[in-house]
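Trainee:
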Amino acid sequence: MEALDLARWQFGITTIYHFLFVPLTIGLSVIVASLQTAWYRTGRHEYLRATKFFGKLFLINFAMGVVTGIVQEFQFGMNWSEYSRFVGDVFGAPLAMEALLAFFLESTFIGLWIFGWDRLPRGVHLACIWLAAIGTNLSAYFILAANAWMRHPVGFTVNPENGRTELTSIWAVLSNTQAWSTYLHVVSAAFITAGMFVAAVSAFKLWRNRRHGDTGEKGTAPPKGDHELFRKSLRAGMVVTLLAGVVVVYSGDHQAKLAAEYEPMKLAAAEAHWETEEGAPFSTFAVGDTDSGVNTIDITIPRVLSFLATGTIDGTVEGMNDLQAQYNEEYAEYGEVDYIPNVFILYWSFRLMIGFGLFGVAVSALGLWLTRKRRLPHTRWFYYAAIAALPATLAANIFGWVLTEMGRQPWTVHGELLTAMSVSPGVSLGQVAFSLAVFTLIYGVLAVVEAGLLWRYVKAGPSHVVPEPKDGEDTGDVPAFVY
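Going from the sequence shown to this note's numbering is simple: count from 1 and add 511.
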């Protein structure tokens, strides 16, 4: 094992861990802002309680996302200095814009939102959470634009004297076709996850209150307003998930066509597609021999892959064997390089991404039907399915990023810089192993803290942040967060 291997493991682990919090932050910011808008327009106390309750969960998740995200940027200098030296002029521009514009916007207005409940006019306070939500989504765009540049580098030139990339057009980087398409796909997937988070929490509270009451003791009646609050939030979360699911399907189709154009090897590996073919089939289950470049078992649906990749059922889809020979010729200066990524991981990541994502969307569609006309199901399986759909949608997000990042291998910047050439030359295997062990330990502790805080406040319910008003009590004053 070399330092390169552990450096890749470290960046993969920290990225996946960080991305557990990112989709929830992106989606929950807008959902919480929408709930507060509903309270601002209607004055109904249940919307205020929902805003404060889910806002509390959003803040816990946001804080953890910030902490874990900082570590990733440190790794560019620690383990990937050659990569940073090569791409710094280009890659640094969207990241600087993310920090100076988007992150400062969201962090500033989140602070005003937290401490401004009883100090700012309601309209101004509402604007704060919307500005924070806008900042969160802008932050996502700048980061995804930088990532998209690695898969389809544009707007740059390579200085022959120092061997570094130099930015020629920031607009080309930000308007990269891969950037806006990836943004649409990632953000819609984030809304699936956030919507399912709201639905899963609501389902848990409804089922728990139905069985034991809010205190967890049998026979104890839950707070009177919780039933209606969580019935509405359950349906709201499922509506968000279902609508976002439609966008995910559209954007995913567009991503497949972009992959066929700019990253044909990734598409071929995700389909275990070895030979170039017209009217290529979609593989539903395959077992292959990667050394020989063939599938020993392959159950397919005729012509579907060609349609996904080209928009026509007779389109040509390039195979991995032909692409390997083509790349060896095109990039002869690198010598003999294996340009085929890990087919097993890509093939199953693609299918697990689709399967887990569709499970969450299907649960939402079924849930909206079962809860129509103010109904709530009495059977436990519905509530269990709604709760299980949350980790499923999180897994779909993770498998999507595994597909994206490992599908680019062996490149860090497609066609420009190999991953093997990107690692820091002065970092030893022992140093990377030590930092990996430390990060794993710290992240394990943070996971316990995050889970404990979320469980504590979910279990406590809305009454912990905004007590339910007593009969005849004025609800005009808005209390600050209860800590």
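Note that the Cβ used here is the ideal one computed from N, Cα and C, for glycine as well.
(1) Would you check if the region 649-661 and the region 596-615 touch, i.e. whether three or more CB-CB distances between them fall below 8 Å?
(2) Determine, using beta carbons only, whether isoleucine 810 and serine 817 come nearer to each other than 8 Å.
(3) Cα separation between glycine 804 and serine 875?
(4) Less than 8 Å between C-beta atoms, sequence neighbours within five positions excluded: which residues of the same chain meet that for tryptophan 520?
(5) If you run the structure through DSSP and keep just helix, strand and coil, what is isoleucine 571?
(6) Determine the DSSP secondary structure at valine 669, reduced to helix, strand or coil.
(7) Suppose the cutoff is 6 Å on Cβ atoms and the five residues either side in sequence are ignored; what does the same chain contact list for threonine 821 look like?
(8) How far does the alpha helix (DSSP H) with valine 750 in it reach, from first residue to last?
(9) If phenylalanine 522 and asparagine 590 are in contact, beta carbons under 8 Å, what's the gap, nearest whole angstrom?
(10) With 8 Å set as the bound, which would you pick, yes or no: does the beta-carbon of aspartate 833 sit closer than that to a beta-carbon of chain B?
(11) Do tyrosine 594 and threonine 915 have their C-beta atoms within less than 8 Å of each other?
(12) Check for me: the beta strand (DSSP E) holding leucine 678 runs from which residue to which?
(13) Identify every run of the alpha helix (DSSP H) within the region 599-678, keeping only runs that are complete inside it and at least 4 residues long; order them along the chain.
(14) Can you tell me which of the three DSSP states glutamate 782 falls into?
(15) Taking only the alpha-carbon atoms, compute the straight-line gap between valine 578 and phenylalanine 615 and give it to the nearest angstrom.
(16) With distances taken from CA atoms, which of Val598, Ser744, Arg719 and Gly674 is nearest leucine 539?
(17) CB leucine 964 to CB glycine 918, shorter than 8 Å?
(18) Return the CA-CA distance between tryptophan 628 and serine 699, expressed in angstroms with no decimal places.
(19) Note down the Cα distance separating phenylalanine 569 from asparagine 673, rounded to an integer number of angstroms.
(20) So what's valine 938 in DSSP terms, helix, strand or just coil?
(21) Could you check what DSSP says for leucine 929 in three-state terms: helix, strand or coil?
(22) Ignore the nearest five residues each way along the sequence and tell me which others in glycine 926's own chain have a CB closer than 8 Å to its CB.
(23) Can you tell me whether glycine 730 is buried or exposed, with buried defined as 16 or more other CB within 10 angstroms of its CB?
(24) Would you identify the three-state DSSP class for asparagine 839, choosing helix, strand or coil?
(25) Closest by CA to valine 751, which one among Lys563, Thr688 and Ala701?
(26) Please say whether threonine 688 and leucine 655 have beta carbons closer to each other than 8 Å?
(27) Using only alpha-carbon positions, find the residue among Leu879, Ala514 and Asp802 that is nearest to aspartate 849.
(28) Taking buried to mean at least 16 other C-beta atoms within 10 Å of its own C-beta, is serine 686 buried or exposed?
(29) Drop a sphere of 10 angstroms on the beta-carbon of tyrosine 761, count the other beta-carbons inside from all chains shown, and report buried for 16 or more, exposed for fewer.
Mentor: From the atom records:
(1) yes
(2) no
(3) 40 Å
(4) Leu947
(5) The three-state secondary structure of isoleucine 571, taken from DSSP, is helix.
(6) strand
(7) none
(8) 737-773
(9) 7 Å
(10) Absence of chain B from the displayed structure is noted, only one protein chain being present.
(11) Contact: no.
(12) Judged by DSSP secondary structure, leucine 678 falls within the beta strand (DSSP E) whose first and last residues are 675-678.
(13) Listed in chain order, the complete alpha helix (DSSP H) runs (minimum 4 residues) inside the region 599-678 are 615-626 and 633-662.
(14) coil
(15) 15 Å
(16) Ser744
(17) Cβ atoms of leucine 964 and glycine 918: not closer than 8 Å.
(18) 30 Å
(19) 45 Å
(20) coil
(21) strand
(22) Pro664 and Tyr842
(23) Bear in mind that the predicted position of glycine 730 carries a pLDDT of just 46, short of 50, making it unreliable; the figure below should be weighed with that in mind. Label assigned to glycine 730: exposed.
(24) Asparagine 839 falls in the helix class under three-state DSSP.
(25) Of Lys563, Thr688 and Ala701, the residue nearest in Cα terms is Ala701.
(26) no
(27) Asp802 is the residue among Leu879, Ala514 and Asp802 whose C-alpha sits nearest the C-alpha of aspartate 849.
(28) exposed
(29) exposed
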